[in-house]
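First up is the structure itself, then whatever we jot down about it.
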Amino acid sequence: MLRVENIDVKYGAIHALKGVSLEVKAGEIVTLIGANGAGKSTTLRTISGLLRPQNGNIFFMDKDITGMPAQHIVKQGISHVPEGRRVFANLTVMENLELGAYLEKDRKKIKESFERVFTRFPRLYERKNQLAGTLSGGEQQMLAIGRALMSKPKLLLLDEPSMGLAPILVQEIFEIINEINKAGTTILLVEQNAHMALSIAHKGYVLETGRIVLQGSAKELAESEDVKKAYLGG
């Protein structure tokens, strides 16, 4: 479904990604783990068109989307839930969700998307007229995911969904991610909590200073001594 081939990304003098290649097959949860500053968020931002690679190619559903503007990438079927949630604090829950469906002109389809999101996140329905800025951290994360689901993506890019959440909420968010995947959405997950990420993923990649240094099934990575020492506190 998604193929990233040898991408290089530079911010001025900083070489953030160095020949990164990865693959996500339809129906999978693939996780990207690594320390802060390893290039995980940069990888997602490049796939979703927010950054442009200097070299390399990105293919989605066999179509070359390298350097395509972000709004066109959403149209292809990729939605990005950014790090830090980035909800529109001064808009209501409903208004935030509506922005996620801005490409859809059919009101009936938008209504169906609302119903799907509210079935998945009943708490958002209870707070639909509340300003997003007044929600708890966990509710804002649900809203950010719900907003991305409004465009009915084939591939969901999730950047640090557990960041800043209490352990009980982390568990809940990961259960939701699992459910979204089981309902048919493919997921590329960037996550600091390597233990949780590997517990739900099919496959994983380890990024270190802009390079992929390890890859394999989630089970293999969870059992790898190097991964245990560096990311699992083993």
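Residue numbers for the sequence shown follow our numbering, so the first one is 633 and each next one is one higher.
Every residue, glycine too, gets a C-beta built ideally from N, C-alpha and C.
Which of helix, strand or coil DSSP assigns to residue i
i: residue 687; result: strand
i: residue 779; result: helix
i: residue 668; result: coil
i: residue 678; result: helix
i: residue 761; result: coil
i: residue 811; result: helix
i: residue 861; result: helix
i: residue 766; result: helix
i: residue 590; result: Lying outside 633 to 866, the shown extent of the chain, residue 590 is not represented and no answer is given.
i: residue 804; result: helix
i: residue 771; result: helix
CB of residue i within 7 Å of CB of residue j, strictly
i: residue 753; j: residue 770; result: no
i: residue 679; j: residue 829; result: no
i: residue 698; j: residue 687; result: no
i: residue 634; j: residue 656; result: yes
i: residue 845; j: residue 853; result: no
i: residue 839; j: residue 789; result: no
i: residue 692; j: residue 708; result: yes
Inter-residue spacing [alpha-carbon to alpha-carbon] between residue i and residue j
i: residue 813; j: residue 669; result: 27 Å
i: residue 719; j: residue 731; result: 10 Å
i: residue 787; j: residue 861; result: 31 Å
i: residue 648; j: residue 675; result: 9 Å
i: residue 682; j: residue 702; result: 6 Å
i: residue 734; j: residue 764; result: 18 Å
i: residue 775; j: residue 671; result: 25 Å
i: residue 705; j: residue 641; result: 18 Å
i: residue 743; j: residue 783; result: 12 Å
i: residue 864; j: residue 826; result: 6 Å
i: residue 636; j: residue 847; result: 14 Å
i: residue 823; j: residue 644; result: 26 Å
i: residue 759; j: residue 818; result: 28 Å
Self-check item: Sequence ranges, alpha helix (DSSP H) only - wholly within the stretch 693-755, length at least 4
Solution: 702-708, 725-732 and 739-752
Practice problem: Please determine if the stretch 704-716 and the stretch 745-759 are in contact, where contact requires at least 3 C-beta pairs separated by less than 8 Å. | Solution: Contact between the stretch 704-716 and the stretch 745-759 is not established, with fewer than three Cβ pairs separated by less than 8 Å.
Self-check item: the stretch 818-835 in contact with the stretch 654-663 per 3-pair CB rule at 8 Å
Solution: The stretch 818-835 makes contact with the stretch 654-663: 3 or more CB pairs, one atom from each, lie closer than 8 Å.
Quiz item: Would you call the stretch 724-741 and the stretch 791-798 in contact, with 3 or more CB pairs under 8 Å?
Solution: no
Exercise. Jot down the residue ranges of each uninterrupted beta strand (DSSP E) in the stretch 820-859, minimum 3 residues, whole runs only, in chain order.
Key: 835-840 and 843-849
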